[in-house]
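The next block holds one structure in the form of structure tokens; read it before the comments.
Chains as they are written, first to last, in this note's numbering: chain A, 1 to 303; chain B, 1001 to 1280.
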């Protein structure tokens, strides 16, 4: 790669060519970072593929079993359930965060008193460590001392423990994710809106377009690149959510909130089935890659 | 139909109401944690809950450090995060400089994309092999193991962030010093670096935030107080404290307040940081 690099190099700024080594400088500067990147991705990924083809439990020598793990995976109801849970979590949370973030961005895009302080306050949730976010919501949801539970009890007269309810635990986790990450959408969309050129908007107003029309036919289409980036980052993150679920429910009650990452964690590190865990992780990675590729293809040229 | 002026006033009122609601939703949960952390165990269980501590006490914080070894988790975090951020900043900004200045030919661009790969792969896809590899090397439950992992994962971020900051520095400035006879490295050191200093600070605070709050790798690669970081220690506390909600809340405050302040300091660059330079 290095030699071809030198051959293909088009004439650069003449100053660069003063020394022989100067030509190698660009590559030499990136090389350590690229090597580190390879060492932590390609190497483990290769190892992971090998592991996924093995029956590999703690205390036993790994044995090659071919695609057995993947075949088992096809019939693993728990894994399918966890993928379903993850999908519901990702779609609901991302959609809600997008809508709320967009509303906030529209509310705060123009001059407003205390704009700076308001903006800073709104981004506090996403600056807090996910583990601590888990603690915050444990305190709120707790049936004995929680503020949220107290409010529900006052209104409905019933005491509920949200996190130990099979039907409410997942929505409760989605609420936590929305609380933590709506600020992210808000910030990105606000930056996008504020960087839009002003002329089209002035022209539209001159032509008598109403605010709603301007929003739907002008703001949204022009904002599309930022929207795609924001949704993409958020969806991929939500798809591999772990910390808050670990702290709040550990996947329970039963497997009601067992998202994919948590299931892989349990399989590999609680039950020490490294081979089976690795096959799940590879499957998840393939799903993520297919999704990213599809989105990238769909929006090629517009971003 | 209300008059134009009345409608405008109504809209302003609605705006104020909605923004206030958003502020309450964003801040009340955080306040509640701080509030709980300052209450006595008895007051925590009072119904209805008290909106501020009636007898504010620091006993939860004291117990945290005396009985729960929070100090050693905190120290681990500082050593691991500090070393990893420093290493990735030195190595990564060199790469970022190269990416900003020499990204003209295709091979170089490919190399640049490679740098980004670790950020695009979800951690869960790498954690099983990383655990096994570090186990072979005897680096599980060692600070060094997590330092290596964090450095490697920080590098792409630092490189791409610094690339976007370096790009904003006009190349003419460098060329001018080089015409005057300075070497490229000298002009990098004397001219570029001082100009990039604010970006360097923002980037380091960002890596600090990401690494300090990281939980998944830390949970799997370190579990003993000898190497476990603050988030791991905090999560472990939840099981140990049972109904000592005051202590749990205090741990949350310790693990988040310094970082929130850092985040607010760099909020001007927040969007760039969150998208690795894709959106400014």
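Beta carbons are placed, not taken as given, at the ideal position from N, Cα and C, and that holds for glycine.
What does residue 57 of chain A pair with, by DSSP beta-bridge criteria? To locate residue 57 of chain A, count along the first chain from 1; it is residue 57. In the DSSP output, where bridge partners are listed per residue, residue 57 of chain A has A/273.
Any Cβ of chain A within less than 8 Å of the Cβ of residue 1067 of chain B? Taking the first residue of the second chain as 1, we reach residue 1067 of chain B at position 67. Cβ-Cβ to chain A under 8 Å: no for residue 1067 of chain B.
Quick one, which of B/1195, B/1156, B/1056 and B/1161 has its alpha-carbon nearest residue 1171 of chain B's? Here the question's residue 1171 of chain B lines up with position 171 in the second chain. It is B/1195 whose Cα lies nearest to the Cα of residue 1171 of chain B.
Cα separation between residue 381 of chain A and residue 1004 of chain B? Since the first residue of chain A shown is 1 and the last is 303, residue 381 of chain A is not available in this structure.
When DSSP builds the beta bridges, which residues end up paired with residue 64 of chain A? As a first step, residue 64 of chain A is located in the first chain; it is residue number 64 there, counting from the start. Beta-bridge pairing links residue 64 of chain A to A/54.
Tell me where the alpha helix (DSSP H) around residue 243 of chain A begins and ends. As a working note, residue 243 of chain A is residue 243 in the first chain. Start and end: 243-248.
What is the C-beta distance between residue 1235 of chain B and residue 131 of chain A, in whole angstroms, given that I count them as a contact (C-beta under 8 Å)? In the second chain, residue 1235 of chain B corresponds to position 235, counting from 1. In the first chain, residue 131 of chain A corresponds to position 131, counting from 1. Indeed they touch by this definition, with Cβ atoms about 5 Å apart.
With 8 Å set as the bound, which would you pick, yes or no: does the beta-carbon of residue 131 of chain A sit closer than that to a beta-carbon of chain B? As a working mapping, residue 131 of chain A is identified with position 131 in the first chain. Any Cβ of chain B closer than 8 Å to the Cβ of residue 131 of chain A would place that residue at the interface, and such an atom is present.
For a contact defined as C-beta to C-beta under 7 Å, what are the partners of residue 245 of chain A on chain D? Within the model displayed, chain D is absent; protein chains A and B are what it includes.
Can you give the Cα-Cα distance for residue 1281 of chain B and residue 106 of chain A, rounded to whole angstroms? Residue numbering for chain B in the displayed model covers 1001 to 1280; residue 1281 of chain B lies beyond these limits and cannot be assessed.
For residue 1199 of chain B and residue 96 of chain A, I'd like the C-alpha separation in whole angstroms. Taking the second chain and counting its residues from 1, one reaches residue 1199 of chain B at position 199. Taking the first chain and counting its residues from 1, one reaches residue 96 of chain A at position 96. Looking at the two C-alpha atoms, the distance is approximately 33 Å.
Answer yes or no: do residue 1127 of chain B and residue 1220 of chain B have a C-beta to C-beta separation smaller than 8 Å? Counting from one through the second chain, the residue named residue 1127 of chain B turns up at place 127. Counting from one through the second chain, the residue named residue 1220 of chain B turns up at place 220. Their beta carbons are under 8 Å apart, which means residue 1127 of chain B touches residue 1220 of chain B by this criterion.
If you drop the 5 nearest sequence neighbours on each side, which residues of the same chain put their C-beta closer than 6 Å to that of residue 1270 of chain B? Indexing the second chain from 1 puts residue 1270 of chain B at position 270. Around residue 1270 of chain B: no qualifying Cβ.
Assign residue 158 of chain A to buried or exposed, taking buried as 16 or more other Cβ atoms, counted over all protein chains shown, within 10 Å of its Cβ. Translated into positions along the first chain, residue 158 of chain A becomes position 158. It counts as exposed.
Does the Cβ-Cβ distance between residue 100 of chain A and residue 178 of chain A come in under 8 Å? Here residue 100 of chain A is taken as the residue at index 100 of the first chain, counted from 1. Here residue 178 of chain A is taken as the residue at index 178 of the first chain, counted from 1. In contact: residue 100 of chain A and residue 178 of chain A (Cβ atoms closer than 8 Å).
Quick check on residue 1141 of chain B: does DSSP put it in helix, strand or coil? Position 141 of the second chain, counted from the start, is the residue given in the question as residue 1141 of chain B. Three-state DSSP puts residue 1141 of chain B in coil, outside helix and strand.
Ends of the alpha helix (DSSP H) at residue 196 of chain A? As a working mapping, residue 196 of chain A is identified with position 196 in the first chain. Residue 196 of chain A -> no alpha helix (DSSP H), and no H or E assigned at all.
Backbone CA spacing between residue 1204 of chain B and residue 1086 of chain B [nearest angstrom]: The residue given as residue 1204 of chain B occupies position 204 in the second chain. The residue given as residue 1086 of chain B occupies position 86 in the second chain. Approximately 8 Å between the Cα atoms of the pair.
Have a look at A/62, A/72, A/186 and A/163 and flag the residue whose alpha-carbon is nearest the alpha-carbon of residue 104 of chain A. Sequence index remark: in the first chain, residue 104 of chain A carries index 104 (1-based). When each option's Cα is compared against that of residue 104 of chain A, the closest is A/186.
Determine the direct distance from the alpha carbon of residue 45 of chain A to that of residue 287 of chain A, and round the result to whole angstroms. Numbered from 1 along the first chain, position 287 holds the residue referred to as residue 287 of chain A. Numbered from 1 along the first chain, position 45 holds the residue referred to as residue 45 of chain A. Near 15 Å, if we compare the C-alpha coordinates of residue 45 of chain A and residue 287 of chain A.
With a cut-off of 8 Å, does the C-beta of residue 181 of chain A fall near any C-beta of chain B? Your numbering for residue 181 of chain A matches position 181 in the first chain. Taking Cβ atoms only, chain B never reaches closer than 8 Å to residue 181 of chain A, which makes this a no.
Below 6 Å CB to CB, which residues in the same chain sit around residue 1097 of chain B once its five sequence neighbours on both sides are set aside? Counting from one through the second chain, the residue named residue 1097 of chain B turns up at place 97. Here the set comprises 1166.
So if I threshold CB-CB distances at 7 Å, which residues from the segment 115-127 of chain A count as touching chain B? 118, 120, 121, 122, 123, 124, 125 and 127
Count the other CB atoms within 10 Å of the CB of residue 110 of chain A; is the residue buried (16 or more) or exposed (fewer)? The residue labelled residue 110 of chain A in the question sits at position 110 within the first chain. Label assigned to residue 110 of chain A: exposed.
One question on the structure: do residue 1061 of chain B and residue 145 of chain A come within less than 8 Å of each other, judged by their Cβ atoms? In the second chain, the residue the question calls residue 1061 of chain B occupies position 61. In the first chain, the residue the question calls residue 145 of chain A occupies position 145. Contact flag unset, no.
Under 7 Å from the C-beta of residue 1102 of chain B: neighbouring residues of chain A: On the second chain, position 102 is the one that residue 1102 of chain B refers to. Result: 26.
For residue 1054 of chain B, which residues in the same chain have their Cβ closer than 7 Å to its Cβ, ignoring the five residues on either side in sequence? Here residue 1054 of chain B refers to the residue found at position 54 when the second chain is read from its first residue. Closer than 7 Å at Cβ, skipping near neighbours: 1043.
For residue 1052 of chain B, which three-state DSSP category applies? Here residue 1052 of chain B is taken as the residue at index 52 of the second chain, counted from 1. Coil at residue 1052 of chain B, not helix or strand.
Rounded to the nearest angstrom, what separates residue 266 of chain A and residue 84 of chain A at their Cα positions? For the purposes of this step, residue 266 of chain A is taken as the residue at position 266 of the first chain. For the purposes of this step, residue 84 of chain A is taken as the residue at position 84 of the first chain. C-alpha separation (whole angstroms): 17 Å.
For residue 180 of chain A, does the three-state DSSP call read helix, strand or coil? Here residue 180 of chain A is taken as the residue at index 180 of the first chain, counted from 1. Residue 180 of chain A: helix per DSSP, three-state reduction.
Short CB-CB distance (under 8 Å) between residue 227 of chain A and chain B: Working through the first chain from its first residue, we reach residue 227 of chain A at position 227. No, because no Cβ of chain B sits closer than 8 Å to the Cβ of residue 227 of chain A.
Quick one: residues in its chain with C-beta nearer than 7 Å to the C-beta of residue 1012 of chain B, no 5 flanking neighbours on either side, listed in chain order? In the second chain, residue 1012 of chain B corresponds to position 12, counting from 1. For residue 1012 of chain B, there are no CB contacts under 7 Å within the same chain when 5 residues up- and downstream are skipped.
I need the boundaries of the alpha helix (DSSP H) containing residue 1186 of chain B, first residue and last residue. Locating residue 1186 of chain B in the second chain gives position 186, where the first residue counts as 1. Taken as a continuous stretch (DSSP letters only), the alpha helix (DSSP H) holding residue 1186 of chain B covers 1184-1187.
If we count Cβ pairs, one from each stretch, closer than 8 Å, do we get three or more for the segment 1249-1261 of chain B versus the segment 1178-1186 of chain B? With fewer than three CB-CB distances shorter than 8 Å, the segment 1249-1261 of chain B does not count as touching the segment 1178-1186 of chain B.
Expressed to the nearest angstrom, what Euclidean distance is found between the alpha-carbon atoms of residue 163 of chain A and residue 148 of chain A? Translated into the one-based positions of the first chain, residue 163 of chain A becomes position 163. Translated into the one-based positions of the first chain, residue 148 of chain A becomes position 148. Here the alpha carbons of residue 148 of chain A and residue 163 of chain A stand approximately 12 Å from one another.
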